[in-house]
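Take a look at the structure set out below.
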């Protein structure tokens, strides 16, 4: 199997304020396993608080995992010194403005990673290389001496992409790269990311709350709910035969963008109960099919088809 | 018969650091009673400024420089402040993207709801509580008594949004202005809130002016839609007309740029080139000309007026001239 990244039983707990000034542990990512194929794009979808971003950051060890193992290119990097890997593993953030230093010229923003990694001898050479990258992401050489604040949101995201590419990575975590952008700019960035992936053989972990965007980008997807990977598999297989009740609810809730189908839609009217993390399935409190066992016992992941697995008692 | 809301040639300008931002330019719109009108646009299109102008909630740096806003025939822009405050909250209400912008964190939900009612009507505290609880149930918060005792921060985002909707509807307004009310919500919660708004309009005859950047949301709740670009109306028509037969290249581009659950994954998305027009520039010609695939010399020189391309369907584009031509561009597009 040509995997570039494999994650096994990843867990991340955060300590949050609890009752009477005590701390309690909050499980942001709970026993998540998946892999990203070389040259492929693995999409992670889920709602806010589902643990998507934490998973992405933990995979890069920007956040340290509580438990589980991370393999990059066949090597266990869970406890490794990350310096040699930073070049190979990059990230593109959701908020382009917030992730670019406003006091750095674009040329320095883009070439900083090269300098830190001791690439391309001189500053002049690095800036030449940065100019190449800017052209590749649809900006121009003249932009080298401008400041991030002079650019629009879409252009800032292009700078963020150029910066990630500067150290010639093989794997990039794209954390909601288009969510903060206007509709007319989202398509530009999605097309750019896809073209770069093909040209450079990049592998992506693509994080988004937008199912249609993930469908367009990813060849395999995983659906996260409250830190648990409830369904995982080949994109079209999962989307055309969604198994987990949560995946089905998520797909049903997408606005139809078609007045006729919108009129025919069936809606869940009741607000979801803010579920307590109990012993059983995380989705049990919201699940219309929940049985006794769902509240008592955590379901385990099962293969339900070729490259399609689901974590639900209905399929045991 | 007066329209419920009629915006006539409205212009709003902001003064910012010695520069002038032309946020809304010569916008005219109508909303009939019992109808839902969607205003679609990107950031900087003027959609929120328009909504705030109707409620006279513009900041001091902004001013209405032309036109008027009629609510059931009464001019809101010229109305004395006192009269306007009585009207707003009573017949006109607004909900926002962030419920915490509207809910006070230091008062319980119940006291905020009853205070709203008692500010507009002479009723006892007990009566107000009963009506508040009833409204909370109407927006899907079954355990109304418990919610009334809670403080806003103890509620989930979806529940906060429901409380804000309940507060806006307490006095039985005829028009609700909804400024991106579901943008910050998860998709399953968004679906519930949209459905709730649709049900409420059906049951009570409420009209909604729905500000959004999403055509999907418009398709769910609106009857008519106006697409704003650069502070101007680019296209205006029924939701069906715009989805089936968009006449303005910007509308066509927006509709095509969004990936759907049916689109071809192998094909690149058809992106709109360039970046949105600056609010500081007042272009001589069409504001979309710089990004338009069909722009000609004339488009850069002469600003197109909003004209009828088919009954009840208007576009501000030189290329979308006659109904026959609009049909042809629709085919090109699809």
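Chains as they are written, first to last, in our numbering: chain A, 31 to 346; chain B, 740 to 1073. Don't be surprised by glycine CBs; every beta carbon is placed ideally from N, CA and C.
Partner residues on chain B for residue i, Cβ-Cβ distance less than 7 Å
i, result
"residue 228(A)", "Simply none; closest approach about 11 Å."
"residue 285(A)", "953, 955, 956, 958 and 959"
"residue 243(A)", "998"
"residue 82(A)", "By Cβ distance, chain B contributes nothing, its closest Cβ being about 12 Å from residue 82(A), past 7 Å."
"residue 289(A)", "958, 978, 979 and 982"
"residue 292(A)", "958 and 959"
Residues of its chain near residue i, where Cβ-Cβ distance is below 6 Å and the 5 sequence neighbours each way are ignored
i, result
"residue 886(B)", "848, 875 and 880"
"residue 1066(B)", "Reliability of the predicted coordinates at residue 1066(B) is poor, the pLDDT of 48 falling under 50, and no value is obtained from them."
"residue 902(B)", "848"
"residue 809(B)", "745"
"residue 142(A)", "none"
Where residue i falls, given that 16 or more other Cβ within 10 Å makes a residue buried
i, result
"residue 789(B)", "buried"
"residue 760(B)", "buried"
"residue 72(A)", "buried"
"residue 925(B)", "buried"
"residue 205(A)", "buried"
"residue 52(A)", "exposed"
"residue 1071(B)", "At residue 1071(B) the pLDDT is 45, less than 50, meaning the model places this residue with poor confidence; the figure from the coordinates comes in the next sentence. Residue 1071(B) should be labelled exposed."
"residue 861(B)", "exposed"
"residue 275(A)", "buried"
"residue 246(A)", "buried"
"residue 869(B)", "exposed"
"residue 113(A)", "exposed"
"residue 863(B)", "exposed"
"residue 758(B)", "exposed"
"residue 781(B)", "buried"
"residue 972(B)", "buried"
Neighbour list for residue i in chain A, Cβ cutoff strictly below 7 Å
i, result
"residue 908(B)", "Going along chain A, no residue has its Cβ under 7 Å from residue 908(B), so there is no contact; the nearest lies around 16 Å."
"residue 785(B)", "None at all; the shortest Cβ gap to chain A is about 14 Å."
"residue 782(B)", "212"
Proximal residues to residue i (C-beta, below 8 Å), its chain only, five neighbours per side dropped
i, result
"residue 978(B)", "777, 957, 958, 961, 962, 963 and 964"
"residue 784(B)", "967, 968, 969, 970 and 1015"
"residue 1080(B)", "Shown here, chain B extends from 740 to 1073; a query on residue 1080(B) therefore has no answer."
"residue 899(B)", "838, 839, 842 and 891"
"residue 803(B)", "749, 750, 751, 792, 797 and 816"
"residue 201(A)", "34, 35, 66, 102, 118, 119, 120, 232, 233, 234 and 235"
"residue 43(A)", "55, 56, 57, 58 and 96"
"residue 220(A)", "208, 243, 246 and 247"
"residue 897(B)", "924, 925, 928, 931 and 932"
"residue 857(B)", "864 and 867"
7 Å CB neighbourhood of residue i in its chain, flanking five on each side removed
i, result
"residue 1038(B)", "1024, 1025, 1028, 1031 and 1057"
"residue 125(A)", "210"
"residue 77(A)", "239"
"residue 1063(B)", "Since pLDDT at residue 1063(B) reaches only 48, below the 50 mark, its modelled position is unreliable, and no value is offered."
"residue 47(A)", "53"
"residue 30(A)", "Limits of chain A in this structure are 31 at one end and 346 at the other, which puts residue 30(A) out of reach."
Chain A contact residues for residue i, given Cβ-Cβ distances below 8 Å
i, result
"residue 929(B)", "283 and 285"
"residue 1009(B)", "217"
"residue 1014(B)", "182, 184, 185 and 215"
"residue 1051(B)", "By Cβ distance, chain A contributes nothing, its closest Cβ being about 15 Å from residue 1051(B), past 8 Å."
"residue 925(B)", "77, 78 and 239"
"residue 992(B)", "214"
Chain A residues whose Cβ lies nearer than 9 Å to that of residue i
i, result
"residue 1002(B)", "242, 245 and 246"
Residues that residue i contacts on chain B, provided the C-beta gap is smaller than 8 Å
i, result
"residue 261(A)", "The premise fails here: residue 261(A) is roughly 15 Å from chain B at the closest Cβ pair, so nothing lies under 8 Å."
"residue 264(A)", "Result: empty, since nearest Cβ-Cβ is about 12 Å, beyond 8 Å."
"residue 251(A)", "Going along chain B, no residue has its Cβ under 8 Å from residue 251(A), so there is no contact; the nearest lies around 12 Å."
"residue 334(A)", "Going along chain B, no residue has its Cβ under 8 Å from residue 334(A), so there is no contact; the nearest lies around 21 Å."
"residue 279(A)", "927"
Contact the stretch 1023–1041 of chain B vs the stretch 1001–1009 of chain B: 3+ CB pairs below 8 Å: The answer is no - the stretch 1001–1009 of chain B does not touch the stretch 1023–1041 of chain B, with fewer than three Cβ pairs under 8 Å.
Evaluate the contact criterion for the stretch 337–344 of chain A versus the stretch 251–271 of chain A: three or more CB pairs, one atom per stretch, below 8 Å. By the Cβ rule, the stretch 337–344 of chain A counts as touching the stretch 251–271 of chain A, because three or more pairs are nearer than 8 Å.
The stretch 1007–1023 of chain B in contact with the stretch 202–222 of chain A per 3-pair CB rule at 8 Å: Yes, since at least three Cβ pairs between the stretch 1007–1023 of chain B and the stretch 202–222 of chain A fall closer than 8 Å, the two stretches touch.
My parser needs the alpha helix (DSSP H) runs of 4 or more residues fully inside the stretch 804–855 of chain B; what are they? Fully enclosed alpha helix (DSSP H) runs of 4 or longer: 820–826.
Between the stretch 740–757 of chain B and the stretch 277–293 of chain A, do at least 3 Cβ pairs fall closer than 8 Å? When Cβ pairs closer than 8 Å are counted between the two stretches, the stretch 740–757 of chain B is seen not to touch the stretch 277–293 of chain A, the count staying below three.
Touch check for the stretch 912–922 of chain B and the stretch 826–834 of chain B: three-plus C-beta pairs under 8 Å? Yes, they touch.
Ranges of the beta strand (DSSP E) found wholly within the stretch 932–956 of chain B, counting only runs of at least 3: For the stretch 932–956 of chain B, whole beta strand (DSSP E) runs of length 3 or above, ordered along the chain, are 946–951.
Flag this pair as touching only if the stretch 132–152 of chain A and the stretch 169–185 of chain A have three or more C-beta atom pairs under 8 Å; answer yes or no. In the pairwise beta carbon analysis, the stretch 132–152 of chain A is classified as touching the stretch 169–185 of chain A: at least three pairs are separated by under 8 Å.
How about the stretch 1047–1056 of chain B and the stretch 981–995 of chain B: do they share at least three Cβ pairs that are nearer than 8 Å? Yes, they touch.
Going residue by residue through the stretch 856–902 of chain B, where are the continuous alpha helix (DSSP H) segments of at least 4 residues, counting only ones entirely within it? For secondary structure counted as the alpha helix (DSSP H) over 4 or more consecutive residues, the stretch 856–902 of chain B holds these complete runs in sequence order: 864–877 and 883–888.
Is the number of C-beta pairs between the stretch 187–195 of chain A and the stretch 161–170 of chain A that are closer than 8 Å three or more? Touching, yes, given that three or more Cβ pairs across the two stretches are closer than 8 Å.
As an exercise, report each continuous beta strand (DSSP E) stretch of at least 3 residues that is fully enclosed by the stretch 747–796 of chain B, in chain order. Within the stretch 747–796 of chain B, the complete beta strand (DSSP E) runs of at least 3 residues are 758–770 and 775–779.
Hey, which unbroken runs of the alpha helix (DSSP H) at 4 residues or more fall wholly within the stretch 235–301 of chain A? If we require 4 residues or more, the alpha helix (DSSP H) runs fully inside the stretch 235–301 of chain A come out as 241–247, 265–270, 275–282 and 289–294.
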